[in-house]
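*Asks:* Per the numbering used here, the sequence shown starts with residue 233, numbered consecutively.
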Amino acid sequence: MNTLSANLKTGHGECLAFFCSALCTLTLYKSANRQIIDLGFSGGRLLDRLMQEPGEMIDRDTLTAYAWPNRIVGQGSLNQQIYTLRKILGDEKDRKIIQTVTRRGYRFNPDFVVAQSAVTPPDIQSDRGQTLSLRSVSRTEIQHKWAIRAMATAGFVSYILIAHPSQLFASLHIVGDHTVMYVETKKDQLKHLINVTRGLSTRLVSMSSKPLELSIVTIDDETYHIYCSGQSGANYISLQDDQLHTISDNQLRECIEGVTQPVH
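Structure representation (structure tokens):
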């Protein structure tokens with residue numbers, strides 16, 4: 233096991249983990265085994281916010297606003313996500329990793345943070361009032377064995393980047409009740425990706441009557457992988473550059489509602 237890939241400890245004995253905030257995934261390491269867990273958007277955002285300030289109490293309102301931006305949710309949603317994170321981290325009984333500050337909020341125990349230079353800290357920027365985050369994360373731990381599972385979960389983003397050892401840059405935008413993540417392997421091409429696919433993401437968001445989590449990923453400047461996740465499940469389509477402006481609404485709806493398949 234390469235411990236440089238881990239950035240936190242867990243309650244599962246000697247099991248370490250790597251949290252990828254850009255993809256909202258947690259990779260668990262135990263001996264020679266690795267397991268990638270999709271935390272979902274809210275779960276990933278919640279863990280991200282707690283780990284931004286280890287040892288500091290983050291109040292409930294701040295955590296809720298960060299995990300569910302521009303949405304109104306009850307306190308039960310936060311309680312459930314905290315419970316889920318604790319269970320994944322092996323912390324549901326002892327509660328030593330994510331600590332409760334009675335009637336105030338939660339604290340991430342700094343003793344469970346693995347300090348190492350291999351993890352690049354996030355560079356947070358703002359973009360015309362929208363939430364825009366740019367992160368560089370290691371992808372060397374993504375394995376082929378998870379490819380099939382990834383096709384049906386947010387790990388799909390990991391799947392299409394398996395063979396590319398460079399770094400990953402992601403820009404997250406909040407659009408009403410929806411979230412749109414743009415993912416590139418080249419930092420200087422991220423804005424270009426956003427510009428050329430903004431019309432496509434706008435169309436997809438306008439078609440969804442329920443909150444939609446959308447990821448648009450490119451790894452070769454020619455193929456665009458569009459991943460849609462919502463209450464109906466997870467689907468994706470792959471488009472060539474010349475299809476961005478010609479794809480029909482019916483084909484786009486397949487990403488939101490239909491069976492997962494590439495568009496030819």
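Here a beta-carbon is modelled for each residue, glycine too, at the ideal position from N, C-alpha and C. Source: prediction; values computed, not measured.
For L295, I'd like the list of residues in its chain whose CB is within less than 7 Å of its CB, leaving aside the five on either flank, ordered along the chain.
*Replies:* Looking up residue 295 in the sequence shown gives position 63. Same-chain partners within the cutoff: L278, R281, L310, G337, Y338.
*Asks:* On the DSSP letters alone, give me the boundaries of the beta strand (DSSP E) that V447 sits inside.
*Replies:* Mapped onto the sequence shown, residue 447 falls at position 215. It is Ser, not Val, that sits at residue 447 in the sequence shown. From DSSP, the beta strand (DSSP E) with S447 extends over 445–450.
*Asks:* Between L436 and L484, is the Cβ-Cβ spacing less than 9 Å?
*Replies:* What you label residue 436 is simply residue 204 of the sequence shown in a count that begins at 1. What you label residue 484 is simply residue 252 of the sequence shown in a count that begins at 1. A contact, by the Cβ cut-off of 9 Å.
*Asks:* Thinking C-alpha only, which one of M289, T455, D481 is nearest T417?
*Replies:* Looking up residue 417 in the sequence shown gives position 185. Of the listed residues, the one whose Cα sits closest to T417 is T455.
*Asks:* Pull up the distance between the alpha-carbon of I458 and that of F344, whole angstroms please.
*Replies:* Along the sequence shown, one-based indexing puts residue 458 at 226. Along the sequence shown, one-based indexing puts residue 344 at 112. If you draw a straight line from the Cα of I458 to the Cα of F344, it is about 35 Å long.
*Asks:* To the nearest angstrom, how far is the alpha carbon of Q307 from that of R335?
*Replies:* For the purposes of this step, residue 307 is identified with residue 75 of the sequence shown, where counting begins at 1. For the purposes of this step, residue 335 is identified with residue 103 of the sequence shown, where counting begins at 1. Roughly 12 Å separates the two Cα atoms.
*Asks:* Over what stretch of residues does the beta strand (DSSP E) that includes C252 continue unbroken?
*Replies:* The residue given as residue 252 occupies position 20 in the sequence shown. Run containing C252: 248–252, per the beta strand (DSSP E) assignment.
*Asks:* Are there 16 or more other CB atoms within 10 angstroms of the CB of H477, so buried, or fewer, so exposed?
*Replies:* The sequence position of residue 477 within the sequence shown is 245, counting from 1. Exposed is the call here.
*Asks:* Could you tell me whether the Cβ atoms of T429 and Y414 are closer together than 9 Å?
*Replies:* For the purposes of this step, residue 429 is identified with residue 197 of the sequence shown, where counting begins at 1. For the purposes of this step, residue 414 is identified with residue 182 of the sequence shown, where counting begins at 1. Against a cut-off of 9 Å, the Cβ pair of Y414 and T429 comes out as a contact.
*Asks:* Any beta-carbon of chain B closer than 9 Å to the one on N341?
*Replies:* The chain labelled as chain B is not found in the depicted structure, where only one protein chain is given.
*Asks:* Roughly how many angstroms separate the alpha carbons of C252 and Q475, rounded to a whole number?
*Replies:* Residue mapping note: residue 252 aligns to position 20 of the sequence shown, counting from 1. Residue mapping note: residue 475 aligns to position 243 of the sequence shown, counting from 1. The straight-line gap from Cα to Cα measures roughly 31 Å.
*Asks:* Just the C-alpha distance for F340 and D453, rounded to the nearest angstrom, thanks.
*Replies:* Against the sequence shown, residue 340 aligns to sequence position 108. Against the sequence shown, residue 453 aligns to sequence position 221. Their backbone Cα atoms lie some 39 Å apart in a straight line.
*Asks:* Can you tell me whether W378 is helix, strand or coil according to DSSP?
*Replies:* Here residue 378 corresponds to residue number 146 of the sequence shown, with the count starting at 1. Residue placement at W378 is flagged as unreliable, the pLDDT there being 30, under the threshold of 50; a coordinate-derived value is accordingly withheld.
*Asks:* Using 8 Å for Cβ pairs, my map puts I208 next to R318. What's the rounded Cβ distance?
*Replies:* The requested residue 208 is not part of the displayed model; the chain covers only 233 to 496.
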